[in-house]
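Taking it in order: structure first as structure tokens, then the write-up.
Chains as they are written, first to last, in my numbering: chain H, 47 to 285; chain Z, 8 to 280.
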């Protein structure tokens, strides 16, 4: 059983982006290192906003949100040399940079944070391209790859910095069964400890608005409904 | 009478709203400029192996690729202003004024303004579309999620590259204008030798022309590029709002260029000589 909390929410609220109306209120939630959480809820229930808040991209409205013991402050300036410990894969194609090639998209964070040119950074992240079966797309313009593959490229990009927590916003939405199966298998390997991450089990928080996709028995589930996050009691089964 | 009063009130309200909108835009643009300058200063050495190639790309797009059109504009200015004026001055026996005329009209005024307008038209507007689309498709948030400062990655290379391009293109435009002016003299068989022509231009230049020209072109380039980046990134855009932002960029930049031009004109007039 995991005992180290990596994310802690105490009474956290999130407002809608278009006004002061609360979207989520009074969330108390603790995520332990190595957990795999699946957040379900209807479309528009605030799952994406919750993930964005965890990544520090959306301000919280009240309460305390901490990651690794430090408060998560949206918009706070980051000191030079700061590397995010939380990775985020956006919904619907991963928001790749369209003017870069696939390999450059994946290599950009490494190049930026380790101050190496993009070709050098591509060499560094190449194992991730291999691990995610993306080698044949390496030179393709990112704006021209299909949505399912773009989502996988976004996953590689998020993993390239070796984050300790990975947030995935509805990663398998609209995918065919083959891609969905691949994702479930790969996320399981990440949770158990991927060799490219030195076998360190990764903490995963995944959202889905399709309850049928949440049939896998491994992730713990929380449900967003009427602005409240319904979290079940502590799990007793080890990951 | 009552209708006229209402019309006047409506006019005043419209003007007031416009003035408030202008002041608000100016305030936001000033804040955006300060943020960009802050990032430029604090992250000068950060990720330079990623950022410098982006600056070079901007220099190519806003500088080297625009050299042909700047050459055409410079030649046209040289023919239209230097050549024709010299022709008239020759008729009244005042060819000695050609140096002052070239420096005042082309060197100080038209060359910086012409280069800045060419860059604005060919690079400024696409910059708004690129950044506006980037924002609309959520790529800015993607950069933030990766710990990459969007201002550092998207704005700084464009501002630095476009500013340096305007400075360089201004110099080329001046050279092409001077060259084509002389070509006109030669073709029209005017009694002005090449040495005399260049000597009069050099003689009309003051020491302060060079720092003022440098500052002016830097200001034009920085102003145009900052306005373009601000319009593209300042607020979340829907895709259909991007063309409107491009139009606003042109309008705001032209007004800014004219205001800056007036400012530098006053500075030049206040300087001795």
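Even glycine gets a Cβ: it sits at the ideal position worked out from N, Cα and C. What you are looking at is a predicted structure, and each value in this text was computed from that prediction instead of being measured.
In angstroms, rounded to a whole number, what distance separates the CA positions of residue i and residue j?
i	j	result
residue 178 of chain Z	residue 219 of chain Z	13 Å
residue 97 of chain Z	residue 114 of chain Z	21 Å
residue 160 of chain H	residue 171 of chain Z	27 Å
residue 146 of chain Z	residue 264 of chain H	32 Å
residue 207 of chain Z	residue 196 of chain Z	18 Å
residue 232 of chain Z	residue 130 of chain Z	9 Å
residue 54 of chain Z	residue 110 of chain Z	42 Å
residue 213 of chain H	residue 198 of chain H	14 Å
residue 226 of chain H	residue 135 of chain Z	37 Å
residue 266 of chain H	residue 174 of chain Z	60 Å
residue 260 of chain H	residue 222 of chain H	No answer about residue 260 of chain H holds up, because its pLDDT of 49 lies below 50 and its placement is not dependable.
residue 131 of chain H	residue 208 of chain H	8 Å
residue 70 of chain H	residue 104 of chain H	12 Å
residue 95 of chain Z	residue 144 of chain H	56 Å
residue 234 of chain H	residue 247 of chain H	10 Å
residue 252 of chain Z	residue 39 of chain Z	16 Å
residue 93 of chain Z	residue 102 of chain Z	6 Å
residue 203 of chain Z	residue 34 of chain Z	50 Å
residue 41 of chain Z	residue 163 of chain Z	12 Å
residue 199 of chain Z	residue 19 of chain Z	57 Å
residue 153 of chain Z	residue 134 of chain H	8 Å
residue 201 of chain H	residue 181 of chain Z	51 Å
residue 251 of chain H	residue 188 of chain H	25 Å
residue 158 of chain Z	residue 107 of chain Z	43 Å
residue 121 of chain Z	residue 72 of chain Z	16 Å
residue 16 of chain Z	residue 24 of chain Z	12 Å
residue 230 of chain Z	residue 95 of chain H	36 Å
residue 14 of chain Z	residue 268 of chain Z	36 Å
residue 74 of chain H	residue 151 of chain Z	26 Å
residue 274 of chain H	residue 258 of chain Z	47 Å
residue 4 of chain Z	residue 63 of chain Z	Residue numbering for chain Z in the displayed model covers 8 to 280; residue 4 of chain Z lies beyond these limits and cannot be assessed.
Closest to residue i by CA distance: which of the options is it?
i	options	result
residue 156 of chain H	Z:56, Z:247 and Z:14	Z:56
residue 225 of chain Z	Z:167, Z:214 and Z:190	Z:167
residue 240 of chain Z	Z:121, Z:88 and Z:165	Z:165
residue 270 of chain H	H:68, H:158, H:118 and H:85	H:85
residue 146 of chain H	H:234, H:50, H:128 and H:183	H:183
residue 156 of chain Z	Z:104, Z:39 and Z:46	Z:46
residue 243 of chain H	H:273, H:211 and H:268	H:211
residue 206 of chain H	H:65, H:176 and H:72	H:176
residue 168 of chain H	H:185, H:149 and H:186	H:149
residue 193 of chain H	H:275, H:138 and H:87	H:138
residue 214 of chain Z	Z:118, Z:259 and Z:278	Z:278
residue 36 of chain Z	Z:261, Z:260 and Z:237	Z:237
residue 137 of chain Z	Z:250, Z:154 and Z:60	Z:250
residue 142 of chain H	H:163, H:106, H:172 and H:203	H:203
residue 262 of chain Z	Z:247, Z:243 and Z:124	Z:124
residue 50 of chain H	H:76, H:232 and H:116	H:76
residue 72 of chain H	H:151, H:107, H:162 and H:232	H:107
residue 61 of chain Z	Z:160, Z:275, Z:191 and Z:79	Z:160
residue 191 of chain Z	Z:90, Z:242 and Z:12	Z:90
residue 274 of chain Z	Z:169, Z:212, Z:223 and Z:63	Z:223
With C-beta atoms as the reference, is residue i less than 7 Å away from residue j?
i	j	result
residue 80 of chain H	residue 249 of chain H	yes
residue 227 of chain Z	residue 264 of chain Z	yes
residue 89 of chain H	residue 255 of chain H	yes
residue 235 of chain Z	residue 256 of chain Z	yes
residue 153 of chain H	residue 171 of chain H	yes
residue 69 of chain Z	residue 126 of chain Z	yes
residue 77 of chain Z	residue 205 of chain Z	no
residue 113 of chain H	residue 53 of chain H	yes
residue 111 of chain H	residue 55 of chain H	yes
residue 244 of chain Z	residue 149 of chain Z	no
residue 229 of chain H	residue 241 of chain H	no
residue 45 of chain H	residue 231 of chain H	In the structure as shown, chain H begins at 47 and stops at 285. Residue 45 of chain H is therefore absent and cannot be evaluated.
residue 82 of chain H	residue 237 of chain H	yes
Using a beta-carbon distance cut-off of less than 7 Å, what residues from the region 113–132 of chain H approach chain Z? 124, 126, 128, 129 and 130
Under 9 Å, CB to CB, which of the residues in the region 112–140 of chain Z have a partner in chain H? 137 and 140
Across the region 123–138 of chain H and the region 26–44 of chain Z, are there enough close Cβ pairs to call them in contact, namely three or more that are closer than 8 Å? no
Flag this pair as touching only if the region 77–88 of chain Z and the region 179–191 of chain Z have three or more C-beta atom pairs under 8 Å; answer yes or no. In short, these stretches touch, since the Cβ pair count reaches three.
Counting beta carbon pairs with one atom in the region 91–102 of chain H and one in the region 113–121 of chain H, are three or more of them shorter than 8 Å? yes
According to a CB-to-CB cut-off of less than 9 Å, which residues of the region 158–191 of chain H neighbour chain Z? 158, 159, 160, 161, 162, 163, 164, 166 and 167
Selection of the region 229–247 of chain Z by Cβ proximity to chain H, strictly under 8 Å: none
For the region 85–114 of chain Z, which residues have a beta carbon sitting closer than 8 Å to at least one beta carbon of chain H? Listed by position along the chain: nothing, the set is empty.
Using Cβ-Cβ distances below 8 Å, what residues of the region 168–193 of chain Z are close to chain H? none
When you check each C-beta in the region 94–111 of chain H against every C-beta of chain Z, which residues fall closer than 7 Å? 101 and 103
Interface positions of the region 133–152 of chain H facing chain Z (Cβ-Cβ less than 8 Å), listed along the chain: 133, 134, 136, 140, 141, 142, 143, 144 and 145
Contact residues within the region 64–94 of chain H, judged by C-beta distance below 9 Å to chain Z: none
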